[in-house]
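Asks:
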Amino acid sequence: MKIYAISDLHLSFSLNKPMHIFGDNWTNHYMKIKVDWYQRVKSDDLVIVAGDISWAMRMDEARVDLEWIDALPGKKILIKGNHDYWWQSMAKMQGNHPNISFILNNYYADNGIAICGSRGWILPGSDGFLDEDLKVYQREVQRLERSLRLAREDESVKEIVVAFHYPPLTINSPENDFTALLQEFDVKHVVYGHLHDSESWNQAIRGEFNGIHYHLVSCDFTDFKLIEIPVGQHDQAE
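Mind the numbering: the sequence shown is residues 37 to 274 in the working numbering, read in order.
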């Protein structure tokens, strides 16, 4: 079993929301993703989709996007992004798509690997961080902690991979409540997305940092290709 990750698919099969307005590289971006996906992913592999999955505002609008993901090879693990307004309660989402699992206050385990996660949020110390941001940030920290503790209680789990949508650390906030939890639970690989320009890519913390490997998987950063997460290979950085 291999584990791959990608984020920020921004699908809009039921809406008129073309992505090429953000740059020519986005033209038919979903086909680039699909071609790479089919070339690499087998049925027993896991693919983490780390947020900003669909432009839909409601579940009925997102359904065709989720069906497209569901039909791709492998088992898909989805994390909420800041644009996923269609996202509903777990009771309403889980079970509707046989090859998709959603992470929110829970975890997914397969073959000794647990996928935990949280949407994340902008971090204390970031420009424009307000009192209302602190409340959201603290809630996301609690969600991550619950996800990690549930995975730790599962005796079948040998390694934990954590997925965020927002970066869990920045050059202005290299140590925070998220990174403290990652250290506490001995996480070795973290994936995140959300970033969409060369300046933020250059400033992002990627590769090994304090014993953890951070993988930026925004699809425009990865040239619309999946990133393989080398679980069990802790000496290998991104």
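Note that the Cβ used here is the ideal one computed from N, Cα and C, for glycine as well. Quick caveat: nothing in here was measured; it's all calculated off a predicted structure.
Is the Cβ-Cβ distance between residue 253 and residue 69 less than 7 Å?
Replies: Cβ distance not < 7 Å, so residue 253 and residue 69 don't count as in contact.
Asks: Please list, in chain order, all residues of the same chain as residue 73 whose beta carbon is under 6 Å from its beta carbon, the five residues on each side excluded.
Replies: Once the five neighbours on either side are set aside, the close Cβ partners of residue 73 are 108.
Asks: Taking just the CA atoms, how far does residue 194 sit from residue 123?
Replies: Their backbone Cα atoms lie some 30 Å apart in a straight line.
Asks: Report the three-state DSSP secondary structure of residue 264 (helix, strand or coil).
Replies: DSSP places residue 264 in strand when its eight states are reduced to three.
Asks: Which partner residues of residue 111 appear in the DSSP bridge assignment?
Replies: Paired residues: 82.
Asks: By DSSP, does residue 173 sit in helix, in strand, or in coil?
Replies: It is helical.
Asks: Only counting the same chain, and skipping five residues up and downstream in sequence, which positions put a Cβ closer than 6 Å to that of residue 250?
Replies: Closer than 6 Å at Cβ, skipping near neighbours: 226, 241 and 242.
Asks: Within 10 angstroms of the Cβ of residue 150, are there 16 or more other Cβ atoms? Answer buried if so, exposed if not.
Replies: That one is buried.
Asks: Report back the beta-carbon spacing between residue 114 and residue 77 to the nearest angstrom; my notes put them in contact at under 8 Å.
Replies: About 15 Å separates the two Cβ atoms, so there is no contact after all.
Asks: Leaving aside the five residues before and after residue 219 along the sequence, list all residues of the same chain whose C-beta is less than 8 Å from its C-beta, in chain order.
Replies: The answer, listed in chain order, is 246, 247 and 248.
Asks: Alpha carbon to alpha carbon, how far is residue 238 from residue 272? Give it in angstroms, no decimals.
Replies: Any reading at residue 272 is ruled out, since the residue's pLDDT is 45, under 50, leaving its predicted position unreliable.
Asks: Between the alpha carbons of residue 102 and residue 133, how many angstroms are there, rounded?
Replies: Each residue's alpha carbon lies about 8 Å from the other.
Asks: Any contact between the stretch 206-219 and the stretch 150-160? By contact I mean 3 or more CB pairs, one from each, below 8 Å.
Replies: With the cut-off at 8 Å, the stretch 206-219 and the stretch 150-160 touch.
Asks: Is it true that the CB of residue 37 sits closer than 7 Å to the CB of residue 106?
Replies: Cβ atoms of residue 106 and residue 37: not closer than 7 Å.
Asks: Let me know if residue 63 comes out buried or exposed under the rule of 16 or more other beta-carbons within 10 Å of its beta-carbon.
Replies: Exposed.
Asks: What's the C-alpha gap between residue 40 and residue 141?
Replies: The straight-line gap from Cα to Cα measures roughly 21 Å.
Asks: When we look at the beta-carbon of residue 267 and count the other beta-carbons within 10 Å, is it buried (16 or more) or exposed?
Replies: It is buried - the Cβ of residue 267 has at least 16 other Cβ atoms within 10 Å.
Asks: Going by DSSP in three states, residue 251 sits in which element: helix, strand or coil?
Replies: Residue 251: strand per DSSP, three-state reduction.
Asks: Please return the same chain residues whose Cβ sits closer than 6 Å to the Cβ of residue 167, not counting the five positions on each side in sequence.
Replies: No residues qualify anywhere along the chain.
Asks: Would you grab the beta carbon distance between residue 59 and residue 230 for me? Rounded to a whole angstrom, and I think it's under 8 Å.
Replies: So it is not a contact: roughly 17 Å between Cβ atoms.
Asks: Hey, out of 235, 233, 228 and 244, whose CA is closest to residue 262's CA?
Replies: Among 235, 233, 228 and 244, the Cα nearest to that of residue 262 belongs to 228.
Asks: Quick one: does the C-beta of residue 204 sit closer than 6 Å to a heavy atom of the ligand PLP?
Replies: In the structure on display, the ligand PLP does not appear, and there are no ligands present to speak of.
Asks: Only counting runs of 3 or more residues, tell me where the beta strand (DSSP E) segments fall wholly within the stretch 83-169, in order along the chain.
Replies: Fully enclosed beta strand (DSSP E) runs of 3 or longer: 111-115, 136-138, 144-146 and 149-154.
Asks: Along the chain, where does the beta strand (DSSP E) that runs through residue 228 open and close?
Replies: Segment 225-228, the beta strand (DSSP E) holding residue 228.
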